[in-house]
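In order, the protein sequences belong to chains E and L. Number 83 in our numbering belongs to position 83 of the first sequence; there are no gaps in the numbering. Numbering-wise, our numbering comes out as the position in the second sequence, counting from 1, plus 100. Everything on this sheet refers to the single structure shown next.
There are 2 protein chains.
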Amino acid sequence: MIGGIFIKAKDPKFLARWYEDNLGIGFGTGIYFSFKWRDKQNTDEIGYTAFSFFPEKTDYFDPSTSDSMLNLRVANLENTRALLTKKWY
Amino acid sequence: MIGGIFIKAKDPKFLARWYEDNLGIGFGTGIYFSFKWRDKQNTDEIGYTAFSFFPEKTDYFDPSTSDSMLNLRVANLENTRALLTKKWY
Chain E
1 MIGGIFIKAK
11 DPKFLARWYE
21 DNLGIGFGTG
31 IYFSFKWRDK
41 QNTDEIGYTA
51 FSFFPEKTDY
61 FDPSTSDSML
71 NLRVANLENT
81 RALLTKKWY
Chain L
101 MIGGIFIKAK
111 DPKFLARWYE
121 DNLGIGFGTG
131 IYFSFKWRDK
141 QNTDEIGYTA
151 FSFFPEKTDY
161 FDPSTSDSML
171 NLRVANLENT
181 RALLTKKWY
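If you want it as structure tokens, here you go:
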């Protein structure tokens, strides 16, 4: 599942406010929102998908220079990291 | 909620295959996958978040020239369209 979508913007607060005012996404006065849903199998489990804007000069995406970043949820982060590290680095 | 994430890629099939082989995302032989989840309130309602790659020359994102596109689910598409059209166009 998608864990988060992060997008660089010239004016993150303005953009978040636009989404709040026009589409009702509850950013409030911030630049971060979290969609809430339930796991398809384990219906008691609430999941979160972050949606957030960042200033263009953020180092949060480093070393990527992309304007956007996608986070994915994995069942076991350490296993996934070990597997990818072994295969690709 | 996020309805879909669409990303232009030099080689969409290769990239989809990479995600399948390394992260287990079930693209199969295609370039389209759909995450499934449940609505937080109405737990009987299954929701879908598309995740798909497109060739760089696709016109699917037009008139945007961006490399990626984010779709949002809305409760009432016609109302949302009418509201945005009235306010912004």
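The beta-carbon is built from N, C-alpha and C at its ideal position, and this holds for glycine as well.
Review point. Looking at the structure shown, is tyrosine 119 (chain L) part of a helix, part of a strand, or coil, going by DSSP?
Key: If DSSP states are grouped into helix, strand and coil, tyrosine 119 (chain L) belongs with the helices.
Review point. Can you tell me the Cα-Cα spacing of tyrosine 32 (chain E) and glutamate 145 (chain L), whole angstroms?
Key: Those two C-alpha atoms are separated by around 26 angstroms.
Exercise for review: Could you check how far apart the C-beta atoms of phenylalanine 61 (chain E) and tyrosine 48 (chain E) are, in whole angstroms? I think they sit under 8 angstroms.
Suggested key: About 20 angstroms separates the two Cβ atoms, so there is no contact after all.
**Study point:** arginine 38 (chain E) at chain L interface by Cβ criterion, 8 angstroms
**Key:** Answer yes: the Cβ-Cβ gap between arginine 38 (chain E) and chain L drops below 8 angstroms somewhere.
Review point. Who are the Cβ neighbours of phenylalanine 27 (chain E) in its own chain at under 8 angstroms, not counting the five residues just before and after it?
Key: Once the five neighbours on either side are set aside, the close Cβ partners of phenylalanine 27 (chain E) are Ala16, Arg17, Tyr19, Glu20 and Phe33.
Practice item. Step through the CB atoms of chain E and report whether any lies within less than 8 angstroms of the CB of threonine 143 (chain L). Key: Threonine 143 (chain L) counts as touching chain E.
Exercise for review: Given a cut-off of 8 angstroms, decide if phenylalanine 151 (chain L) and proline 112 (chain L) are closer than it, judged by their beta-carbon atoms.
Suggested key: Phenylalanine 151 (chain L) is positioned such that its CB atom lies no closer than 8 angstroms to that of proline 112 (chain L).
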